[in-house]
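Peer 1: Mind looking over this structure? Questions follow.
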Amino acid sequence: MNSHDKTSDLKDNSLSTSGYGTKQYWDKRYSKPASEESQHEWYFTYEELSPILGHCISFSGIRLLEHVKYGVVEIGCGTRPLLPSIPTSDHPLLGLDYSSICIKALSKSNKRKLITYKTQDCRDLTDILPSCSAHMVIEKGTLDAMIVDSIPNCVAILSEMCRVSSKYVVVVTHFNINTEEGEDWVSDVFYPALENVEEEFMWLVKCHTGGEDGPVVYVCEKNTRRITRGNGGKRIQ
1 MNSHDKTSDL KDNSLSTSGY GTKQYWDKRY SKPASEESQH EWYFTYEELS PILGHCISFS
61 GIRLLEHVKY GVVEIGCGTR PLLPSIPTSD HPLLGLDYSS ICIKALSKSN KRKLITYKTQ
121 DCRDLTDILP SCSAHMVIEK GTLDAMIVDS IPNCVAILSE MCRVSSKYVV VVTHFNINTE
181 EGEDWVSDVF YPALENVEEE FMWLVKCHTG GEDGPVVYVC EKNTRRITRG NGGKRIQ
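Residue 1 is where the sequence shown starts when you use full-length UniProt numbering, and the numbers rise one by one after that.
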């Protein structure tokens with residue numbers, strides 16, 4: 001299968017609703033009354049993710065480096081973000097979304113002083129987030145939605161997540177590495193993003209698989225020890 005065929009398969013077999021990757025779609029969707037919006041969580045809540053992520057965001061005893069401004073940055077946070085459930089009282093948390101309507105609603109209902117929500121195109125975060133400025137960067141479902149319209153946009157978002165992270169990058173997705181479609185996603189989206197980071201780091205990547213049809217969690221740990229070009233630093237477990 002050549003790369004063109006794989007790209008077509010990823011688009012055809014993933015979420016079928018066109019427009020998922022556009023700002024207009026989400027602004028329109030978030031403009032609907034809450035009663036018209038499905039309350040079902042297609043991915044995981046923080047409580048469900050905590051057994052996997054607990055060690056990543058257990059800030060007790062962790063002294064963030066001087067250049068690390070945020071404990072967690074959530075990409076494409078949507079109207080049901082993970083941030084309010086993250087148990088930290090000392091480190092700022094940042095939620096980003098393409099939809100200004102979504103961010104306005106979140107900011108209005110926000111009850112925690114250390115959480116900030118901003119409208120942002122997450123394909124380019126350089127104007128708000130320097131490299132290695134967040135302990136952990138996480139997204140759930142954003143890449144799955146974007147891939148309907150553009151694989152390059154997915155690579156751009158994940159590349160920025162890798163650049164901004166000082167330690168962990170977490171991706172919650174329906175692309176399971178144990179399936180052919182998941183292997184294509186890792187090859188076409190995941191690895192290119194890791195390789196786009198200008199600085200050279202050793203990456204340890206673990207894939208936590210759940211049920212056959214449920215989402216999986218990729219946890220990428222960035223080792224700040226630089227490696228020589230050409231040495232493989234990525235590993236799927």
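Positions of the beta carbon are idealized from the N, C-alpha and C atoms, including for glycine.
By how many angstroms is the C-alpha of I75 removed from the C-alpha of V118?
Peer 2: Here residue 118 is Lys; the residue named in the question, Val, does not match the sequence. Cα to Cα, K118 sits roughly 10 Å from I75.
Peer 1: Give the range of the alpha helix (DSSP H) segment to which G182 is assigned.
Peer 2: Looking at the DSSP string, the run of the alpha helix (DSSP H) that includes G182 is 180-185.
Peer 1: Report all residues from its chain with a CB closer than 7 Å to the CB of F44; omit the five preceding and five following residues, and keep chain order.
Peer 2: Counting only Cβ-Cβ distances below 7 Å, and skipping sequence neighbours, we find K140, V172, P215.
Peer 1: Classify P130 as buried or exposed, calling it buried when 16 or more other Cβ atoms lie within 10 Å of its own Cβ.
Peer 2: Burial call: exposed.
Peer 1: Along the chain, where does the beta strand (DSSP E) containing V219 start, and where does it finish?
Peer 2: First-last of the beta strand (DSSP E) with V219: 216-223.
Peer 1: Can you give me the C-alpha to C-alpha distance between M136 and H91, rounded to a whole angstrom?
Peer 2: Those two C-alpha atoms are separated by around 11 Å.
Peer 1: For C56, which residues in the same chain have their Cβ closer than 6 Å to its Cβ, ignoring the five residues on either side in sequence?
Peer 2: Around C56: M136, Y168.
Peer 1: Skipping 5 residues on each side, what residues in its chain have a beta carbon closer than 8 Å to that of V197?
Peer 2: S159, C162, R163, listed in sequence order.
Peer 1: What residue range does the beta strand (DSSP E) around C207 cover?
Peer 2: That run of the beta strand (DSSP E) goes 202-208.
Peer 1: Report the rounded CA-to-CA distance for C77 versus N153, giving the unit in angstroms.
Peer 2: Approximately 17 Å, taken between the alpha carbons.
Peer 1: What's the C-alpha gap between Y70 and S150?
Peer 2: About 29 Å.
Peer 1: L114 and L82 look like a contact to me (Cβ under 8 Å); what is the Cβ gap, rounded to whole Å?
Peer 2: Going by Cβ atoms, the distance from L114 to L82 rounds to 14 Å, so no, they are not a contact pair.
Peer 1: The beta strand (DSSP E) with I75 in it runs from where to where?
Peer 2: Run containing I75: 70-75, per the beta strand (DSSP E) assignment.
Peer 1: From which residue to which residue does the beta strand (DSSP E) around V189 run?
Peer 2: Unbroken run through V189: none, as it is neither H nor E.
Peer 1: Step through the CB atoms of chain B and report whether any lies within less than 8 Å of the CB of T88.
Peer 2: Structure shown: chain B not included; a single protein chain is present.
Peer 1: Along the chain, where does the beta strand (DSSP E) containing I138 start, and where does it finish?
Peer 2: That run of the beta strand (DSSP E) goes 134-140.
Peer 1: Any idea what DSSP makes of V155, helix, strand or coil?
Peer 2: Helix at V155.
Peer 1: Per DSSP, what kind of secondary structure is K111 in: helix, strand or coil?
Peer 2: Coil at K111, not helix or strand.
Peer 1: Quick one: Cα of V217 to Cα of V148, how far?
Peer 2: Going by the C-alpha atoms only, they are around 20 Å apart.
Peer 1: For the beta strand (DSSP E) that Y168 lies in, which residues bound it at each end?
Peer 2: Element bounds for Y168: 165-173.
Peer 1: According to the Cβ coordinates, are R176 and M202 closer than 8 Å?
Peer 2: Looking at the sequence itself, residue 176 is Asn, so the reference to Arg does not match. Result no, Cβ atoms of N176 and M202 do not sit closer than 8 Å.
Peer 1: What would DSSP say about Y124, mapped onto helix, strand or coil?
Peer 2: The amino acid occupying residue 124 in the given sequence is Asp; Tyr does not appear at that position. Coil, per DSSP.
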